[in-house]
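Visitor:
In our numbering, the protein residues as written are 342 to 689.
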(Lines of atoms letter the chains of each structure in order from A; the text may use other names.)
(Lines give C-alpha, C1' and ligand atoms only; values in the text may rest on other atoms or scores of the structure.)
Protein backbone atom coordinates (compact mmCIF):
# COMPACT_ATOMS: atom_id res chain seq x y z
CA UNK A 342 0.00 0.00 0.00
CA UNK A 343 1.37 3.43 -0.96
CA UNK A 344 1.84 6.29 1.50
CA UNK A 345 -1.05 8.25 0.01
CA UNK A 346 -3.42 5.33 0.43
CA UNK A 347 -2.16 4.70 3.96
CA UNK A 348 -2.85 8.31 4.95
CA UNK A 349 -6.28 8.14 3.41
CA UNK A 350 -7.09 4.98 5.31
CA UNK A 351 -5.86 6.48 8.59
CA UNK A 352 -8.03 9.58 8.08
CA UNK A 353 -11.09 7.42 7.46
CA UNK A 354 -10.33 5.33 10.53
CA UNK A 355 -10.12 8.52 12.65
CA UNK A 356 -13.51 9.64 11.38
CA UNK A 357 -14.94 6.21 12.16
CA UNK A 358 -13.54 6.37 15.69
CA UNK A 359 -15.14 9.78 16.24
CA UNK A 360 -18.48 8.52 15.01
CA UNK A 361 -18.35 5.46 17.30
CA UNK A 362 -17.60 7.78 20.25
CA UNK A 363 -20.67 9.92 19.55
CA UNK A 364 -22.81 6.78 19.19
CA UNK A 365 -21.64 5.61 22.64
CA UNK A 366 -22.65 9.00 24.06
CA UNK A 367 -26.11 8.62 22.62
CA UNK A 368 -26.44 5.12 24.10
CA UNK A 369 -25.41 6.40 27.54
CA UNK A 370 -27.89 9.26 27.26
CA UNK A 371 -30.65 6.79 26.42
CA UNK A 372 -29.93 4.80 29.60
CA UNK A 373 -29.90 8.02 31.72
CA UNK A 374 -33.06 9.51 30.27
CA UNK A 375 -34.99 9.22 33.55
CA UNK A 376 -32.28 10.87 35.68
CA UNK A 377 -32.71 14.40 34.27
CA UNK A 378 -35.52 16.67 33.09
CA UNK A 379 -36.86 15.80 29.71
CA UNK A 380 -36.02 19.16 28.11
CA UNK A 381 -32.39 18.88 29.25
CA UNK A 382 -32.13 15.36 27.85
CA UNK A 383 -33.64 16.56 24.59
CA UNK A 384 -31.13 19.43 24.29
CA UNK A 385 -28.12 17.15 24.91
CA UNK A 386 -29.48 14.56 22.51
CA UNK A 387 -29.90 17.19 19.79
CA UNK A 388 -26.27 18.29 20.27
CA UNK A 389 -24.97 14.72 19.98
CA UNK A 390 -27.03 14.03 16.91
CA UNK A 391 -25.74 17.19 15.26
CA UNK A 392 -22.14 16.10 15.88
CA UNK A 393 -22.95 12.63 14.60
CA UNK A 394 -24.38 14.07 11.41
CA UNK A 395 -21.24 16.17 10.82
CA UNK A 396 -18.98 13.14 11.35
CA UNK A 397 -21.07 11.08 8.96
CA UNK A 398 -20.89 13.86 6.36
CA UNK A 399 -17.09 13.89 6.50
CA UNK A 400 -17.08 10.10 6.17
CA UNK A 401 -19.37 10.30 3.18
CA UNK A 402 -17.03 12.76 1.47
CA UNK A 403 -14.16 10.34 1.95
CA UNK A 404 -16.07 7.22 0.95
CA UNK A 405 -16.35 8.38 -2.65
CA UNK A 406 -12.57 8.15 -3.05
CA UNK A 407 -12.56 4.88 -1.12
CA UNK A 408 -15.10 3.35 -3.49
CA UNK A 409 -12.94 4.32 -6.45
CA UNK A 410 -9.95 2.81 -4.70
CA UNK A 411 -11.87 -0.40 -4.05
CA UNK A 412 -12.73 -0.65 -7.73
CA UNK A 413 -9.04 -0.21 -8.68
CA UNK A 414 -7.97 -2.82 -6.15
CA UNK A 415 -10.50 -5.33 -7.48
CA UNK A 416 -9.13 -4.90 -11.01
CA UNK A 417 -5.53 -5.22 -9.78
CA UNK A 418 -6.38 -8.34 -7.83
CA UNK A 419 -7.92 -9.99 -10.88
CA UNK A 420 -4.80 -9.17 -12.95
CA UNK A 421 -2.50 -10.55 -10.29
CA UNK A 422 -4.56 -13.75 -10.06
CA UNK A 423 -4.10 -14.29 -13.80
CA UNK A 424 -0.36 -13.60 -13.51
CA UNK A 425 0.04 -16.15 -10.73
CA UNK A 426 -1.88 -18.74 -12.74
CA UNK A 427 0.24 -18.12 -15.85
CA UNK A 428 3.53 -18.37 -13.94
CA UNK A 429 2.38 -21.59 -12.25
CA UNK A 430 1.49 -23.06 -15.67
CA UNK A 431 4.94 -22.07 -17.00
CA UNK A 432 6.62 -23.88 -14.13
CA UNK A 433 4.52 -27.00 -14.68
CA UNK A 434 5.37 -26.98 -18.41
CA UNK A 435 9.12 -26.63 -17.69
CA UNK A 436 8.95 -29.48 -15.22
CA UNK A 437 7.30 -31.70 -17.83
CA UNK A 438 9.96 -30.87 -20.45
CA UNK A 439 12.71 -31.66 -17.97
CA UNK A 440 11.04 -34.96 -17.14
CA UNK A 441 11.05 -36.10 -20.79
CA UNK A 442 14.76 -35.16 -21.19
CA UNK A 443 14.60 -31.80 -22.97
CA UNK A 444 16.50 -30.09 -20.15
CA UNK A 445 19.39 -31.44 -18.23
CA UNK A 446 19.41 -31.70 -14.46
CA UNK A 447 21.48 -28.56 -13.91
CA UNK A 448 19.42 -26.50 -16.37
CA UNK A 449 16.19 -27.65 -14.74
CA UNK A 450 17.38 -26.81 -11.25
CA UNK A 451 18.31 -23.29 -12.33
CA UNK A 452 15.02 -22.75 -14.19
CA UNK A 453 13.03 -24.20 -11.31
CA UNK A 454 14.56 -21.77 -8.81
CA UNK A 455 13.77 -18.83 -11.07
CA UNK A 456 10.16 -19.87 -11.65
CA UNK A 457 9.52 -20.62 -7.98
CA UNK A 458 10.79 -17.18 -6.99
CA UNK A 459 8.57 -15.53 -9.59
CA UNK A 460 5.49 -17.44 -8.45
CA UNK A 461 6.21 -16.58 -4.81
CA UNK A 462 6.61 -12.88 -5.61
CA UNK A 463 3.37 -12.78 -7.57
CA UNK A 464 1.49 -14.57 -4.80
CA UNK A 465 2.86 -12.17 -2.19
CA UNK A 466 1.78 -9.16 -4.24
CA UNK A 467 -1.63 -10.71 -4.80
CA UNK A 468 -2.08 -11.41 -1.09
CA UNK A 469 -1.14 -7.81 -0.22
CA UNK A 470 -3.67 -6.46 -2.69
CA UNK A 471 -6.32 -8.79 -1.27
CA UNK A 472 -5.68 -7.59 2.29
CA UNK A 473 -5.84 -3.96 1.20
CA UNK A 474 -9.08 -4.60 -0.63
CA UNK A 475 -10.61 -6.24 2.44
CA UNK A 476 -9.56 -3.24 4.56
CA UNK A 477 -11.19 -0.78 2.18
CA UNK A 478 -14.39 -2.81 2.03
CA UNK A 479 -14.51 -2.88 5.83
CA UNK A 480 -14.08 0.90 5.88
CA UNK A 481 -16.94 1.31 3.44
CA UNK A 482 -19.15 -0.90 5.56
CA UNK A 483 -18.28 1.04 8.72
CA UNK A 484 -18.65 4.41 7.02
CA UNK A 485 -22.12 3.59 5.72
CA UNK A 486 -24.79 5.88 7.27
CA UNK A 487 -26.25 4.22 10.34
CA UNK A 488 -27.35 5.64 13.71
CA UNK A 489 -27.02 2.65 15.98
CA UNK A 490 -28.28 4.52 19.04
CA UNK A 491 -31.27 5.89 17.16
CA UNK A 492 -32.06 2.46 15.76
CA UNK A 493 -31.93 0.89 19.22
CA UNK A 494 -34.23 3.61 20.59
CA UNK A 495 -36.72 3.11 17.77
CA UNK A 496 -36.56 -0.65 18.21
CA UNK A 497 -37.22 -0.34 21.95
CA UNK A 498 -40.18 1.96 21.31
CA UNK A 499 -41.69 -0.41 18.75
CA UNK A 500 -41.18 -3.37 21.07
CA UNK A 501 -43.01 -1.54 23.86
CA UNK A 502 -45.83 -0.63 21.49
CA UNK A 503 -46.26 -4.24 20.37
CA UNK A 504 -45.88 -5.73 23.84
CA UNK A 505 -48.78 -3.77 25.34
CA UNK A 506 -51.50 -5.10 22.99
CA UNK A 507 -50.29 -8.67 23.47
CA UNK A 508 -50.61 -8.47 27.26
CA UNK A 509 -53.80 -6.38 27.22
CA UNK A 510 -56.55 -8.87 26.34
CA UNK A 511 -56.27 -11.79 28.78
CA UNK A 512 -60.02 -12.30 28.50
CA UNK A 513 -59.89 -13.40 24.86
CA UNK A 514 -57.06 -15.81 25.61
CA UNK A 515 -58.98 -17.27 28.56
CA UNK A 516 -62.09 -17.77 26.40
CA UNK A 517 -60.03 -19.53 23.76
CA UNK A 518 -58.55 -21.88 26.38
CA UNK A 519 -62.02 -22.66 27.72
CA UNK A 520 -63.25 -23.50 24.20
CA UNK A 521 -60.29 -25.83 23.63
CA UNK A 522 -60.91 -27.54 26.97
CA UNK A 523 -64.59 -28.07 26.10
CA UNK A 524 -63.69 -29.66 22.77
CA UNK A 525 -61.10 -31.93 24.40
CA UNK A 526 -63.70 -33.12 26.96
CA UNK A 527 -66.41 -33.64 24.34
CA UNK A 528 -64.36 -35.99 22.15
CA UNK A 529 -63.50 -38.55 24.90
CA UNK A 530 -67.15 -38.51 26.01
CA UNK A 531 -68.26 -39.62 22.55
CA UNK A 532 -65.56 -42.27 22.41
CA UNK A 533 -66.38 -43.56 25.90
CA UNK A 534 -69.99 -44.56 25.05
CA UNK A 535 -70.43 -48.34 25.50
CA UNK A 536 -70.89 -50.25 22.24
CA UNK A 537 -74.44 -51.50 22.81
CA UNK A 538 -74.57 -53.59 19.65
CA UNK A 539 -71.28 -55.29 20.46
CA UNK A 540 -72.40 -56.03 24.01
CA UNK A 541 -75.74 -57.48 22.92
CA UNK A 542 -74.09 -59.53 20.18
CA UNK A 543 -71.56 -60.94 22.64
CA UNK A 544 -74.34 -61.80 25.09
CA UNK A 545 -76.41 -63.55 22.43
CA UNK A 546 -73.43 -65.44 21.05
CA UNK A 547 -72.55 -66.68 24.53
CA UNK A 548 -76.10 -68.06 24.92
CA UNK A 549 -76.23 -69.86 21.54
CA UNK A 550 -75.70 -73.64 21.85
CA UNK A 551 -73.66 -75.60 19.33
CA UNK A 552 -75.73 -77.06 16.49
CA UNK A 553 -75.98 -80.85 16.43
CA UNK A 554 -75.61 -81.32 20.19
CA UNK A 555 -77.89 -81.17 23.17
CA UNK A 556 -78.43 -77.96 25.10
CA UNK A 557 -75.39 -77.18 27.18
CA UNK A 558 -76.11 -76.99 30.91
CA UNK A 559 -73.52 -74.99 32.90
CA UNK A 560 -71.65 -76.80 35.64
CA UNK A 561 -73.65 -76.46 38.85
CA UNK A 562 -72.79 -77.04 42.45
CA UNK A 563 -71.87 -80.63 43.40
CA UNK A 564 -75.49 -81.59 44.32
CA UNK A 565 -77.54 -84.44 42.90
CA UNK A 566 -79.94 -83.41 40.11
CA UNK A 567 -82.85 -85.86 40.14
CA UNK A 568 -84.14 -84.88 36.69
CA UNK A 569 -80.71 -85.31 35.13
CA UNK A 570 -80.37 -88.69 36.80
CA UNK A 571 -83.76 -89.85 35.51
CA UNK A 572 -82.98 -88.67 31.99
CA UNK A 573 -79.67 -90.52 32.14
CA UNK A 574 -81.30 -93.77 33.25
CA UNK A 575 -84.44 -93.70 31.10
CA UNK A 576 -83.41 -91.62 28.11
CA UNK A 577 -87.05 -90.55 28.01
CA UNK A 578 -88.64 -87.27 27.14
CA UNK A 579 -88.78 -84.35 29.50
CA UNK A 580 -92.17 -83.20 30.78
CA UNK A 581 -93.66 -80.13 29.17
CA UNK A 582 -93.04 -78.03 32.27
CA UNK A 583 -89.36 -78.93 32.25
CA UNK A 584 -89.13 -78.24 28.52
CA UNK A 585 -90.67 -74.80 28.94
CA UNK A 586 -88.33 -74.05 31.82
CA UNK A 587 -85.29 -75.12 29.81
CA UNK A 588 -86.29 -73.09 26.77
CA UNK A 589 -87.08 -70.04 28.91
CA UNK A 590 -83.69 -70.20 30.58
CA UNK A 591 -81.94 -69.93 27.24
CA UNK A 592 -84.11 -67.23 25.69
CA UNK A 593 -82.60 -65.65 22.64
CA UNK A 594 -80.69 -68.83 21.72
CA UNK A 595 -80.98 -70.46 18.33
CA UNK A 596 -83.11 -73.63 18.06
CA UNK A 597 -81.04 -76.75 18.54
CA UNK A 598 -80.55 -78.87 15.43
CA UNK A 599 -81.85 -82.39 15.97
CA UNK A 600 -79.18 -84.98 15.20
CA UNK A 601 -79.77 -87.76 12.75
CA UNK A 602 -81.03 -91.06 14.11
CA UNK A 603 -83.76 -89.64 16.34
CA UNK A 604 -87.06 -91.49 16.16
CA UNK A 605 -90.14 -89.83 14.78
CA UNK A 606 -92.65 -88.24 17.15
CA UNK A 607 -96.38 -88.82 17.24
CA UNK A 608 -98.41 -89.39 14.11
CA UNK A 609 -98.70 -86.44 11.78
CA UNK A 610 -95.51 -84.80 13.04
CA UNK A 611 -92.41 -85.04 10.86
CA UNK A 612 -88.81 -85.19 12.06
CA UNK A 613 -88.02 -81.74 10.70
CA UNK A 614 -91.04 -80.09 12.40
CA UNK A 615 -90.61 -81.53 15.91
CA UNK A 616 -87.99 -79.67 17.95
CA UNK A 617 -85.97 -82.13 20.05
CA UNK A 618 -84.01 -80.98 23.03
CA UNK A 619 -82.77 -84.40 24.10
CA UNK A 620 -82.30 -87.07 21.41
CA UNK A 621 -83.44 -90.65 21.94
CA UNK A 622 -80.54 -92.96 21.13
CA UNK A 623 -81.05 -96.11 19.09
CA UNK A 624 -79.29 -98.20 21.76
CA UNK A 625 -80.16 -98.12 25.47
CA UNK A 626 -78.18 -95.45 27.25
CA UNK A 627 -75.83 -96.68 30.00
CA UNK A 628 -76.69 -96.04 33.60
CA UNK A 629 -74.53 -93.60 35.49
CA UNK A 630 -73.62 -95.87 38.39
CA UNK A 631 -71.55 -93.28 40.26
CA UNK A 632 -74.50 -90.88 40.41
CA UNK A 633 -76.76 -93.71 41.46
CA UNK A 634 -74.49 -94.69 44.31
CA UNK A 635 -74.30 -91.08 45.50
CA UNK A 636 -78.09 -90.79 45.42
CA UNK A 637 -78.56 -93.97 47.43
CA UNK A 638 -81.63 -95.13 45.44
CA UNK A 639 -80.08 -97.15 42.66
CA UNK A 640 -81.42 -100.55 43.80
CA UNK A 641 -84.95 -99.30 44.28
CA UNK A 642 -85.14 -97.41 40.99
CA UNK A 643 -83.63 -100.26 39.02
CA UNK A 644 -86.40 -102.56 40.26
CA UNK A 645 -89.10 -100.07 39.36
CA UNK A 646 -87.66 -99.20 35.96
CA UNK A 647 -87.19 -102.87 35.11
CA UNK A 648 -90.96 -103.38 35.19
CA UNK A 649 -91.61 -100.59 32.69
CA UNK A 650 -90.08 -102.23 29.65
CA UNK A 651 -88.66 -100.29 26.73
CA UNK A 652 -88.92 -96.53 26.68
CA UNK A 653 -92.01 -95.12 25.04
CA UNK A 654 -91.44 -93.05 21.88
CA UNK A 655 -91.65 -89.37 22.43
CA UNK A 656 -94.92 -87.54 22.06
CA UNK A 657 -96.33 -84.17 22.82
CA UNK A 658 -97.42 -85.42 26.30
CA UNK A 659 -95.19 -86.60 29.13
CA UNK A 660 -95.19 -90.34 30.04
CA UNK A 661 -96.05 -91.50 33.53
CA UNK A 662 -93.20 -93.84 34.23
CA UNK A 663 -92.61 -93.60 38.00
CA UNK A 664 -94.59 -96.23 39.96
CA UNK A 665 -95.71 -95.60 43.50
CA UNK A 666 -94.44 -98.28 45.90
CA UNK A 667 -97.54 -97.92 48.12
CA UNK A 668 -100.47 -98.11 45.72
CA UNK A 669 -98.79 -98.97 42.41
CA UNK A 670 -100.06 -95.89 40.54
CA UNK A 671 -97.87 -94.51 37.72
CA UNK A 672 -96.80 -90.91 38.15
CA UNK A 673 -94.72 -88.40 36.18
CA UNK A 674 -91.01 -88.73 36.80
CA UNK A 675 -90.90 -85.16 38.03
CA UNK A 676 -93.40 -85.73 40.88
CA UNK A 677 -92.22 -86.15 44.45
CA UNK A 678 -95.49 -87.53 45.87
CA UNK A 679 -98.09 -89.91 44.46
CA UNK A 680 -101.07 -88.16 42.95
CA UNK A 681 -103.40 -90.87 44.29
CA UNK A 682 -102.27 -91.81 47.81
CA UNK A 683 -99.85 -88.96 48.51
CA UNK A 684 -97.01 -91.30 49.37
CA UNK A 685 -93.40 -90.38 48.72
CA UNK A 686 -92.33 -91.64 45.31
CA UNK A 687 -88.54 -91.75 45.65
CA UNK A 688 -86.28 -91.10 48.61
CA UNK A 689 -82.83 -89.87 47.45
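Note that beta-carbon positions come from the ideal geometry of N, C-alpha and C, so glycine has one too.
Does DSSP put residue 680 in a helix, in a strand, or in coil?
Guide: It is coil, neither helix nor strand.
Visitor: In terms of alpha-carbon separation, which member of 362, 467, 349 and 679 lies closest to residue 426?
Guide: Selected option, being the one with the closest Cα: 467.
Visitor: Got a sec, what are the start and stop residues for the alpha helix (DSSP H) residue 417 sits in?
Guide: From DSSP, the alpha helix (DSSP H) with residue 417 extends over 379-441.
Visitor: Closest by CA to residue 674, which one among 575, 683 and 684?
Guide: For residue 674, the nearest C-alpha among the options comes from 575.
Visitor: Rounded C-beta distance between residue 470 and residue 417? I'm assuming under 8 Å.
Guide: That pair is a contact at about 5 Å.
Visitor: Do you know offhand how far residue 456's Cα is from residue 415's?
Guide: Each residue's Cα considered, the two are about 26 Å apart.
Visitor: Let's test the definition: count the other Cβ atoms within 10 Å of the Cβ of residue 682 and tell me whether it reaches 16, buried, or not, exposed.
Guide: Answer is exposed; the Cβ neighbour count stays below 16.
Visitor: By how many angstroms is the C-alpha of residue 377 removed from the C-alpha of residue 364?
Guide: Cα-Cα distance, rounded: 20 Å.
Visitor: Does residue 351 pass the burial test, meaning 16 or more other C-beta atoms within 10 Å, or should it be called exposed?
Guide: Exposed, since its Cβ has fewer than 16 Cβ neighbours within 10 Å.
Visitor: So, with DSSP's three-state summary, where would you put residue 568?
Guide: If DSSP states are grouped into helix, strand and coil, residue 568 belongs with the helices.
Visitor: According to DSSP, which residues form a beta bridge with residue 690?
Guide: A query on residue 690 cannot be resolved here, the shown segment of the chain reaching from 342 to 689 and no further.
Visitor: Hey, how far is the Cα of residue 317 from the Cα of residue 667?
Guide: One cannot answer for residue 317 here, as it falls past the ends of the chain, which runs 342 to 689.
Visitor: For the alpha helix (DSSP H) that contains residue 472, what are its first and last residues?
Guide: Where residue 472 is concerned, the enclosing alpha helix (DSSP H) stretches over 446-484.
Visitor: If you run the structure through DSSP and keep just helix, strand and coil, what is residue 348?
Guide: Of the three classes helix, strand and coil, the one that applies to residue 348 here is helix, per DSSP.
Visitor: I'd like to check one pair, residue 403 with residue 353: are the Cβ atoms closer than 9 Å?
Guide: A contact, by the Cβ cut-off of 9 Å.
Visitor: Whose CA, out of 392, 444, 569 and 401, lies closest to the CA of residue 480?
Guide: Comparing Cα-Cα distances from residue 480 to each of 392, 444, 569 and 401, the minimum goes to 401.
Visitor: Apply the 10 Å Cβ neighbour rule to residue 437 and answer buried if 16 or more other Cβ atoms are within range, or exposed otherwise.
Guide: By the neighbour-count rule (16 or more Cβ atoms within 10 Å), residue 437 is not buried but exposed.
Visitor: Give the secondary structure of residue 664 by DSSP, where H, G and I count as helix, E and B as strand, and everything else as coil.
Guide: Looking at residue 664 - three-state DSSP - the assignment turns out to be strand.
Visitor: Distance check for residue 429 and residue 423, CA to CA, integer angstroms please.
Guide: Cα to Cα, residue 423 sits roughly 10 Å from residue 429.
Visitor: Taking 7 Å as the limit between beta carbons, can you name the residues of its chain near residue 382, skipping five residues before and five after?
Guide: These residues qualify, in order along the chain: 370 and 374.
Visitor: If you drop the 5 nearest sequence neighbours on each side, which residues of the same chain put their C-beta closer than 7 Å to that of residue 672?
Guide: Once the five neighbours on either side are set aside, the close Cβ partners of residue 672 are 661, 663, 665, 679, 680 and 686.
Visitor: My assumption, with CB atoms under 8 Å, is that residue 410 sits in contact with residue 346. Please give the rounded CB distance.
Guide: Residue 410 to residue 346, Cβ: 7 Å. Contact.
Visitor: Give me the Cβ distance between residue 484 and residue 357, rounded to the nearest whole Å; I'm assuming they're in contact under 8 Å.
Guide: Right, the Cβ-Cβ distance comes to about 6 Å (below 8 Å), so this counts as a contact.
Visitor: Could you say which of 659, 432 and 344 lies nearest to residue 450 if we only look at CA atoms?
Guide: Residue 432 is the option with its Cα nearest to residue 450.
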